[in-house]
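Have a look at the structure below, then the notes.
Residue numbers (my numbering): 50 to 304.
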């Protein structure tokens, strides 16, 4: 689906559902866009049900992205998607996650500050780890320059782990840098790429990458998580139905 169509839908949602006609500014060029909220109204990007205040409390103030006020913010989407499951202790609704009642969900998770991969969401359960990367309107998984800084990082941090699971080249690694950095974490836990069904382009990229993983155990820990399917399941939870119906209206029902 064309991402401009999604942004147009979100701009209409901002006006018709949130009642906000003012447009917000993109920090990169200081221009205003219809799908961006005024910065002071950034928390209007949290779905306005009885859960809103509790959802906001799940994010630490210093972890809020500079683009959180964009209606298509993946950080806001992740909070709207997983936050109610954290609050209601129903994280077991997520497919391919085998967890106990003692599981803990966290947003904006960085496991290794030297390596600095940031996951949108993370579930820990004893010694079990589940890492989640959310994509919505991003054009692609992030690339990296093949400059000296990244070459040194490749040699010191990634090369050994990467070569133990795949035969992709260093050049290929830079071209799909974020994708493969995340996949490497499947050596120690489940890695989920969280996507709406209409992002067939990114779904294909994940599936293509999985064919390049020659370690079967690692390959089986790399998952695609359909936002559409998860929302359908969550709508069946009586106390969360209103929230996920609104989520569907905001993010998925695009005509």
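We put the beta carbon where it would ideally sit given N, CA and C, even for glycine. Source: prediction; values computed, not measured.
Minimum C-alpha distance to residue 96 - residue among 268, 132, 110 and 71 = Residue 132 is the option with its Cα nearest to residue 96.
Got a sec, what are the start and stop residues for the alpha helix (DSSP H) residue 134 sits in?
-> If you look at residue 134, you'll find it in the alpha helix (DSSP H) that goes 123-136.
Counting Cβ pairs, one atom from each stretch, are 3 or more of them under 8 Å apart for the stretch 81-90 and the stretch 102-122?
-> Touching, yes.
In chain order, what residues of the same chain lie with their CB nearer than 6 Å to the CB of residue 188, ignoring the 5 residues before and after it?
-> Within its own chain, no residue has a Cβ closer than 6 Å to the Cβ of residue 188 once the five positions on either side in sequence are excluded.
Exposure of residue 225, with buried meaning 16 or more beta-carbon neighbours within 10 Å | Buried.
What did DSSP end up calling residue 146 once you bin it into helix, strand or coil?
-> Shown here, residue 146 sits in coil according to DSSP, grouped into three states, outside any helix or strand.
Looking at the unbroken beta strand (DSSP E) that takes in residue 172, where does it start and where does it end?
-> 167-174 is the extent of the beta strand (DSSP E) around residue 172.
Under the assumption that residue 244 contacts residue 190 (Cβ atoms under 8 Å), give the Cβ distance between them as a whole number of angstroms.
-> No, residue 244 and residue 190 are not in contact; Cβ-Cβ is about 11 Å, not under 8 Å.
Residue range of the beta strand (DSSP E) that residue 203 falls in?
-> For residue 203, no beta strand (DSSP E) encloses it, and the DSSP letter there is neither H nor E.
Comparing alpha-carbon positions, which option in 285, 215, 79 and 296 lies nearest residue 263?
-> With distances taken between Cα atoms, residue 263 lies closest to 215.
Alpha carbon to alpha carbon, how far is residue 184 from residue 294? Give it in angstroms, no decimals.
-> Straight-line spacing of the CA atoms in residue 294 and residue 184 works out to 20 Å.
According to DSSP, residues forming a beta bridge with residue 178 = The partner list for residue 178 (beta bridge, DSSP) reads 173.
Closest residue to residue 259 among 168, 242 and 246 (Cα-Cα distance) | The candidate whose alpha carbon is nearest that of residue 259 is 242.
Could you say which of 223, 128, 126 and 62 lies nearest to residue 202 if we only look at CA atoms?
-> The option with the nearest alpha carbon to residue 202 is 223.
Just mark residue 102 as buried or exposed, buried being the case when its beta carbon has 16 or more other beta carbons within 10 Å.
-> The C-beta of residue 102 has fewer than 16 other C-beta atoms within 10 Å across all chains shown, which makes the residue exposed.
How about residue 196: is its C-beta nearer than 8 Å to some C-beta of chain B?
-> No chain B appears in the structure shown, which is made up of a single protein chain.
In this structure, does DSSP put residue 105 in helix, strand or coil?
-> Helix, per DSSP.
Is the beta carbon of residue 100 sitting closer than 8 Å to the one on residue 292?
-> Yes, they are a contact pair.
Where does the unbroken alpha helix (DSSP H) through residue 157 begin, and where does it stop?
-> Going by DSSP, residue 157 is part of no alpha helix (DSSP H) but of the beta strand (DSSP E) stretching over 153-159.
Residue range of the unbroken alpha helix (DSSP H) whose run includes residue 241 | Where residue 241 is concerned, there is no enclosing alpha helix (DSSP H), although the beta strand (DSSP E) it sits in stretches over 239-244.
What's the gap between the Cα of residue 198 and the Cα of residue 205?
-> Here the alpha carbon of residue 198 sits roughly 11 Å from the alpha carbon of residue 205.
Reference residue 196; option with closest CA among 274, 219, 212 and 106 = Closest by alpha carbon: 219.
Would you kindly check if the distance between the Cβ of residue 143 and the Cβ of residue 251 is under 8 Å?
-> Cβ distance not < 8 Å, so residue 251 and residue 143 don't count as in contact.
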